[in-house]
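The block underneath contains the structure these notes are about, expressed in structure tokens.
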Amino acid sequence: MLKELGITHVVSLGETALYPPRSPGPLASIASAFRSSSPTDSPPVNSLWHEERLGNIAVLDMQAIADDGIDSIRPCIDEALDFISDARRQGGRVLVHCK
5 MLKELGITHV VSLGETALYP PRSPGPLASI ASAFRSSSPT DSPPVNSLWH
55 EERLGNIAVL DMQAIADDGI DSIRPCIDEA LDFISDARRQ GGRVLVHCK
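Mapping of the sequence shown onto the numbering used here: residues 5 to 103, in sequence order.
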């Protein structure tokens with residue numbers, strides 16, 4: 005979805021948005037036996053983790069701050085602003101992700 009919106013950069017503040025996809029559960033192999041094996045039937049991968057690893061979306065993952073309304077963002081604001089400025093200079097679109 006981010007790609008469709010033209011998002012090229014993500015600032016993830018306070019908690020990571022880079023979760024690897026979950027591995028299939030024990031019932032996945034049983035369920036797959038009842039589905040057709042057409043290559044077009046595989047579900048689309050729609051994960052920031054995948055997009056970042058493919059180089060489609062740049063992610064600044066800032067976990068050194070708690071997104072609790074108490075922690076100050078001052079120690080990391082310059083890095084975030086530089087990342088955002090660089091992205092915009094390149095014609096990118098930035099999403100700031102927090103809790």
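The beta-carbon is built from N, C-alpha and C at its ideal position, and this holds for glycine as well.
Cutoff 7 Å; reference residue i; Cβ partners in own chain excluding five residues on either side
i, result
"T20", "D65 and Q67"
"N60", "K7"
"C80", "M66, A68 and I69"
Limits of the unbroken beta strand (DSSP E) element including residue i
i, result
"L17", "H13 to L17"
"A21", "A21 -> no beta strand (DSSP E), and no H or E assigned at all."
"H64", "Inspection of the sequence shows that residue 64 is occupied by Leu rather than by His. It spans A62 to M66 - the beta strand (DSSP E) in which L64 sits, taken as one unbroken run."
"L9", "Neither: L9 is in no beta strand (DSSP E) and is coded neither H nor E."
Through-space distance from residue j to residue i, alpha-carbon basis
i, j, result
"E83", "D90", "11 Å"
"I69", "C102", "11 Å"
"W53", "G95", "22 Å"
"L17", "I88", "13 Å"
"P25", "R92", "29 Å"
"Y23", "L58", "14 Å"
Supposed contact pair residue j and residue i - C-beta distance, whole angstroms, cut 8 Å
i, j, result
"L6", "E55", "7 Å"
Own chain partners of residue i with C-beta closer than 6 Å, once the 5 adjacent residues on each side are dropped
i, result
"L99", "I11 and V14"
"D75", "I69"
"D86", "none"
Residue i, enclosing alpha helix (DSSP H) - first and last residue
i, result
"D82", "R78 to R93"
"L58", "L52 to L58"
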